[in-house]
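Below: one structure, written as C-alpha cells.
Structure below.
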C-alpha cells in the first residue's frame, strides 16, 4: 500500500472518510464491482452470448439464478459481463471530460481576459444544447461502439468540468502564495501544474465521482436507444431496453439490470458525498 | 542623487510611474519615483496604506498584474541592467534568484499542500543545478538558519504558527542567496514579540549573506531598527529621502514630521488625544495639481497648490519634496 506522509492531507481525508458509514459502504460495493468486472469470465456461470433455446425467458431458478432472457441467455452472466462496459464507460468518459474540461477551465481561469471569454462562451454554447441530444448526435455521427460511446458521453460533460475548474482556479489564483510563486520565478505552466491544480483538486474529485455515476446512466440511456454497445455484448442499459417488451410477463428481465444500475449509482453517489465531506477543510475535527 | 555614491547602485529606480486602469478612472499608484539602494545596505520605504509601497515592490519584480496595471515610464536598473527591457525568461531568472521577496501575510503566502521543505527545494530547483538530496540538504540548512528544527521540515504550513511561517518565508526567499531582498511589511501580520524576533532574524541574515534589503513598512520603529536609509512615500511619490540618522533627527517634510508627531510618546499625558495629520490621502484617481500633500499641509502656500516642488537636496544626502522644508524641528525616535 501507499506509505502515507506523516500528517498528510490524504491521511486526514482517509480518517474522515472512514467515519462516514455510507461512503465506506459505497467503496465496498465499488470494490466488488471492480473485482466482478476484472474476473468476469471466471465468475460468470455461462458465456454472455451462450444461447439455450430450451430455456427461453425462464424465471430465476437454481440453474439460472437470475433467470434467462428471450434467447435463453443467462441474465446473471450478462450482468457480470455488462459491469465491464459500465465501469469502463464511467471511468474513461469521465477521464475525457475531466482532462479536457479541466484544461479548458484552468487556462480560462488562470489567464482570464479574452482567452477566458472565448473559452467559456464556447462552453456556454455547448451547455445550451440539451446533453442527451448532443450525445445522440455525437454517437450517431461516430457510429455505435464502446469507444465512441465513451467519447460521446465524455464530450457532453466537458462544460461542467470547465466551469467548476475555472471557479476553483479563480479562487486559488487570488491567493498570495501564487504571487509568491511568481516572485520565485516560476513559469506559468509550473504555477498551474504545481500550485493551482493541486489546490483545486477537492471539488474536482467530488465532481468526478458523481460524474462516473452520471456517465454510466448516460451510457445506459444511449444503449437503451440503440446507440451504445451493440448486441450480443451485454450492457445494462441495452438489457433494460431489450427487456421492455416482456415487462408484463417477465418483469425480472428489467428488474435485475435496473437494480445493477441503481446499486452502482447509489454507491458512487455515496462515495462522492463522502469525499465532499472529507475533503472540506472547514469540517476539520 | 548619484553624487552621493560613486559605485553603481544595486537597485536604481528612476522616474518609475505605475498606473491602474480601473472602471472608476486611472489610478496613479506610483508617480515619478526615484531611489537607489547600494549593495549590502538596507532602505526602508515608509508610507501609509495606499501610498504605493507594495506597487513599487511588485514593479521592481515586474509582477504588476496587467491588465489593469501598467508601468507607464521609468527604468528599474538592477546591477545597471534595466529589468523592464528583459524578456520574460530573463525576468524569471532574476525573480527569486537575484531579487526575492518576503510577503506580508505568512498565513497565505505559503502553498498549503506542499511541505515547507518541498517549498524551499522548489526555489532551489528553479534557480540552481542542485538536485535531489543536495537540494534537500540545502533546504535543511536554510531552515536551520532561520531557526527551525530539521524534524519539522516535512510538516505542512498549517502546522506552523504565524511567526514560524514567516521564518519559512524568509528561508525560501533567501535559499538562492539573492542580492536583493524585498520585504513587504514582513511583520504586520505578527504580534509584537514575534515581530522583534523576525526583524532580528532578517537583520542577522542580511549581515551574513550581504544581501541588500528593501523594507516596506508603515512602522517607523521597525525602520529605525534595521535600515540604513529611509524613504518616506506619500500618494505614489517620495516626499523625503535621507539616511536614517539625518531623517530621524531632522525630518524636514511636513508629512514626515506629522508621522513622527503621530507616534504616541511614553511621557505624553494619559487620556490626552493622539496627534493626527488631519485629512486623508488624496484619491489616487484625482491627485491635486500641486504638491500631493498640500491639501493637508498646515504650511502650504499658494505655490504649493499650483505645481509640485520636486525633490531638492537641502543638505548633503537629504532630499525633500517641499518648497518650505521645516528646519530645526526634530523628531525624537532616532
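Residue numbers (the working numbering), protein chains in the order written: chain E, 89 to 373; chain P, 3 to 336. C-beta: ideal position from N, C-alpha, C; glycine also.
Residue i, enclosing beta strand (DSSP E) - first and last residue
{"i": "residue 74 of chain P", "result": "71-80"}
{"i": "residue 186 of chain P", "result": "182-186"}
{"i": "residue 16 of chain P", "result": "13-24"}
{"i": "residue 191 of chain P", "result": "No beta strand (DSSP E) contains residue 191 of chain P, which DSSP labels as neither H nor E."}
{"i": "residue 39 of chain P", "result": "27-39"}
Neighbourhood of residue i by C-beta, 6 Å cutoff - its chain only, sequence neighbours within 5 removed
{"i": "residue 357 of chain E", "result": "301"}
{"i": "residue 250 of chain E", "result": "189, 192, 193 and 211"}
{"i": "residue 107 of chain P", "result": "191"}
{"i": "residue 155 of chain E", "result": "146, 147, 148, 163 and 340"}
{"i": "residue 258 of chain P", "result": "234 and 242"}
{"i": "residue 197 of chain E", "result": "254, 257 and 258"}
{"i": "residue 2 of chain P", "result": "Residue 2 of chain P lies beyond the residue range present for chain P, which begins at 3 and ends at 336; the question has no answer from this structure."}
{"i": "residue 222 of chain E", "result": "244"}
{"i": "residue 111 of chain E", "result": "105, 358, 359 and 362"}
{"i": "residue 277 of chain P", "result": "263 and 264"}
{"i": "residue 333 of chain P", "result": "Reliability fails at residue 333 of chain P, whose pLDDT of 45 lies under 50, so the model's placement of it is uncertain and no value is given."}
{"i": "residue 181 of chain E", "result": "238, 241, 242 and 303"}
{"i": "residue 89 of chain E", "result": "Since pLDDT at residue 89 of chain E reaches only 35, below the 50 mark, its modelled position is unreliable, and no value is offered."}
Beta-carbon proximity list for residue i, same chain, < 8 Å, skipping 5 on both sides
{"i": "residue 95 of chain P", "result": "129"}
{"i": "residue 119 of chain P", "result": "138, 141, 142, 145, 155 and 156"}
{"i": "residue 349 of chain E", "result": "174, 304, 305, 308, 324, 325 and 328"}
{"i": "residue 131 of chain E", "result": "124 and 168"}
Residue range of the alpha helix (DSSP H) that includes residue i
{"i": "residue 262 of chain P", "result": "256-264"}
{"i": "residue 1 of chain P", "result": "Nothing about residue 1 of chain P can be reported from this structure: the residues present for chain P run from 3 to 336 only."}
{"i": "residue 161 of chain P", "result": "From DSSP, residue 161 of chain P is part of no alpha helix (DSSP H); its letter is neither H nor E."}
{"i": "residue 340 of chain E", "result": "340-367"}
{"i": "residue 295 of chain P", "result": "Taken as a continuous stretch (DSSP letters only), residue 295 of chain P belongs to no alpha helix (DSSP H), as it is neither H nor E."}
{"i": "residue 236 of chain E", "result": "234-244"}
{"i": "residue 55 of chain P", "result": "55-62"}
{"i": "residue 225 of chain E", "result": "219-230"}
{"i": "residue 210 of chain E", "result": "201-216"}
{"i": "residue 328 of chain E", "result": "324-331"}
{"i": "residue 307 of chain P", "result": "304-308"}
{"i": "residue 267 of chain E", "result": "264-271"}
Residues sharing a beta bridge with residue i, DSSP
{"i": "residue 322 of chain P", "result": "P:242 and P:314"}
{"i": "residue 197 of chain P", "result": "None; residue 197 of chain P has no bridge partner."}
{"i": "residue 97 of chain P", "result": "P:101"}
{"i": "residue 156 of chain E", "result": "E:162"}
{"i": "residue 83 of chain P", "result": "P:80"}
Beta-carbon contacts of residue i that lie in its chain and below 7 Å, excluding the five residues immediately before and after
{"i": "residue 55 of chain P", "result": "47, 49, 218 and 235"}
{"i": "residue 166 of chain P", "result": "150"}
{"i": "residue 273 of chain P", "result": "none"}
{"i": "residue 168 of chain P", "result": "108, 188, 192 and 200"}
{"i": "residue 298 of chain P", "result": "279, 280 and 281"}
Amino acids of chain C, ordered along the chain, whose beta-carbon sits closer than 8 Å to that of residue i
{"i": "residue 151 of chain P", "result": "Any reference to chain C falls outside this structure, whose protein chains are E and P."}
Please give the ranges of any alpha helix (DSSP H) in the stretch 202-246 of chain P, keeping only runs that are unbroken, at least 4 residues long and fully inside the region. Taking only runs of at least 4 residues, the alpha helix (DSSP H) segments lying wholly in the stretch 202-246 of chain P are 222-228.
Can you pull out the residues from the stretch 146-174 of chain E whose beta carbon lies closer than 7 Å to at least one beta carbon of chain P? None of the residues of the stretch 146-174 of chain E has a beta carbon lying less than 7 Å from any beta carbon of chain P.
To test your reading of the DSSP string, which unbroken alpha helix (DSSP H) runs of 4 or more residues are found completely within the stretch 285-321 of chain E? Within the stretch 285-321 of chain E, the alpha helix (DSSP H) runs of at least 4 residues that lie entirely inside it are, in chain order, 285-312.
Anything in the stretch 257-273 of chain E with a Cβ closer than 9 Å to a Cβ of chain P? List those residues in chain order, please. So the close ones are 263, 264, 265, 266, 267, 268, 269, 270, 271, 272 and 273.
If contact means a Cβ-Cβ distance below 9 Å, which residues of the stretch 122-134 of chain P contact chain E? Answer in chain order: 124, 125, 128 and 129.
Which residues of the stretch 282-300 of chain E have a Cβ closer than 9 Å to any Cβ of chain P? Give them in chain order. For the stretch 282-300 of chain E, which is checked against every Cβ of chain P, the residues closer than 9 Å are 282, 283, 286, 287 and 289.
Going along the chain, which residues of the stretch 8-28 of chain P sit with their C-beta nearer than 8 Å to a C-beta in chain E? So nothing in the stretch comes that close.
Threshold first: 3 residues or longer. Then list the beta strand (DSSP E) segments lying entirely within the stretch 101-156 of chain P, N to C. Taking only runs of at least 3 residues, the beta strand (DSSP E) segments lying wholly in the stretch 101-156 of chain P are 101-104.
Fully enclosed by the stretch 91-129 of chain E, which alpha helix (DSSP H) runs are 4 residues long or longer? Listed in chain order, the complete alpha helix (DSSP H) runs (minimum 4 residues) inside the stretch 91-129 of chain E are 97-106 and 109-126.
In chain order, what residues of the stretch 325-340 of chain E put their CB closer than 7 Å to some CB of chain P? Taking 7 Å as the Cβ-Cβ cut-off against chain P, none of the residues of the stretch 325-340 of chain E qualify.
Report the residues of the stretch 288-307 of chain P with a CB closer than 7 Å to any CB of chain E, ordered along the chain. Those residues of the stretch 288-307 of chain P that come within reach of chain E (Cβ to Cβ, closer than 7 Å) do not exist; the list is empty.
Complete runs of the beta strand (DSSP E) confined to the stretch 126-151 of chain E [at least 3 residues]: Within the stretch 126-151 of chain E, no complete beta strand (DSSP E) segment of 3 residues or longer occurs.
Which residues, in order along the stretch 216-229 of chain E, keep a beta-carbon less than 9 Å from a beta-carbon of chain P? Across the stretch 216-229 of chain E, no CB contact with chain P closer than 9 Å is found for any residue.
Given a limit of 8 Å on CB to CB distance, which residues of the stretch 97-115 of chain P reach chain E? Those residues of the stretch 97-115 of chain P that come within reach of chain E (Cβ to Cβ, closer than 8 Å) are 97, 98, 99, 102, 103, 105, 106, 107, 110, 111, 112, 113, 114 and 115.
Check each residue of the stretch 230-251 of chain E: if its Cβ is closer than 7 Å to any Cβ of chain P, include it; give the result in chain order. Going along the stretch 230-251 of chain E in chain order, one finds no residue with a Cβ nearer than 7 Å to chain P.
Members of the stretch 51-63 of chain P that neighbour chain E once the beta carbon cut-off is set at 7 Å: Sequence-ordered contacts of the stretch 51-63 of chain P with chain E read 63 [C-beta pairs closer than 7 Å].
Residues of the stretch 77-94 of chain P with Cβ closer than 7 Å to any Cβ of chain E, in chain order: Only 94 from the stretch 77-94 of chain P bring a Cβ to less than 7 Å from some Cβ of chain E.
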